[in-house]
């Protein structure tokens, strides 16, 4: 009997850098969001690895090598400093920088798509509402989705096939 090939799902780490807070997201190579978090920028280098270990349930950077495909970093405020922190915390991982232009607007639209308003809030146009949590993590998801579309990965193929 032939042994089944073991496939390991891989993830992209998206980072939306900022002066006070940094959005972080783990996105499957299929485009599905695994986790979204907002971290204080001053603690970023300390909390990034712990976020990855806890979310991906690995114990060290060696375990990450099998499942973390790449890091996608927005080119906004503090991106150079964040890139240095990432290269120190995750040596050898490719770090791709993407344009952050209009990512906050896309993050807001993504948030409302994932969590539509309920009750009377449904009657208020989304453009007049503010999500109840910071959008930095969702902006990190947007960075990853943009990168995946640029690279022609599975996500962009799905969107093209669906006519999106």
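In full-length UniProt numbering, the protein residues as written are 1 to 164.
Every residue gets a Cβ at the ideal spot worked out from N, C-alpha and C, and that includes glycine.
Since the structure is predicted, the reported quantities are computational estimates derived from the model, not experimental observations.
Problem set entry | Extent of the continuous alpha helix (DSSP H) run through residue 23 | Taken as a continuous stretch (DSSP letters only), residue 23 belongs to no alpha helix (DSSP H), being part of the beta strand (DSSP E) at 21 to 28.
Exercise. Since residue 102 is in the beta strand (DSSP E), which residue starts that stretch and which ends it?
Worked result: Residue 102 -> no beta strand (DSSP E), and no H or E assigned at all.
Exercise. Three-state secondary structure (DSSP) at residue 129?
Worked result: coil
For this session: Look up residue 39 in the DSSP assignment and give the residues it is bridged to.
Result: 22
Problem set entry | Reference residue 82; option with closest CA among 11, 147, 20 | 20
For this session: Could you have a look at residue 12 and say whether DSSP puts it in helix, strand or coil?
Result: strand
Problem set entry | Collapsed DSSP secondary structure at residue 31 in the structure displayed | coil
Exercise. Hey, out of 65, 12, 113, 142, whose CA is closest to residue 101's CA?
Worked result: 142
Problem set entry | Residue nearest to residue 118 in terms of C-alpha spacing, selected from 132, 105, 106, 136 | 132
Exercise. By DSSP, does residue 74 sit in helix, in strand, or in coil?
Worked result: strand
For this session: Please work out which residues of its chain come closer than 6 Å, Cβ to Cβ, to residue 63, disregarding the five sequence neighbours upstream and downstream, and give them in chain order.
Result: none
Exercise. Pick from 138, 58, 128, 70: whose alpha carbon is nearest that of residue 33?
Worked result: 138
Problem set entry | Best match in 98, 130, 127 for proximity to residue 151 [C-alpha to C-alpha] | 98
Problem set entry | C-beta atoms of residue 11 and residue 27 nearer than 8 Å | yes
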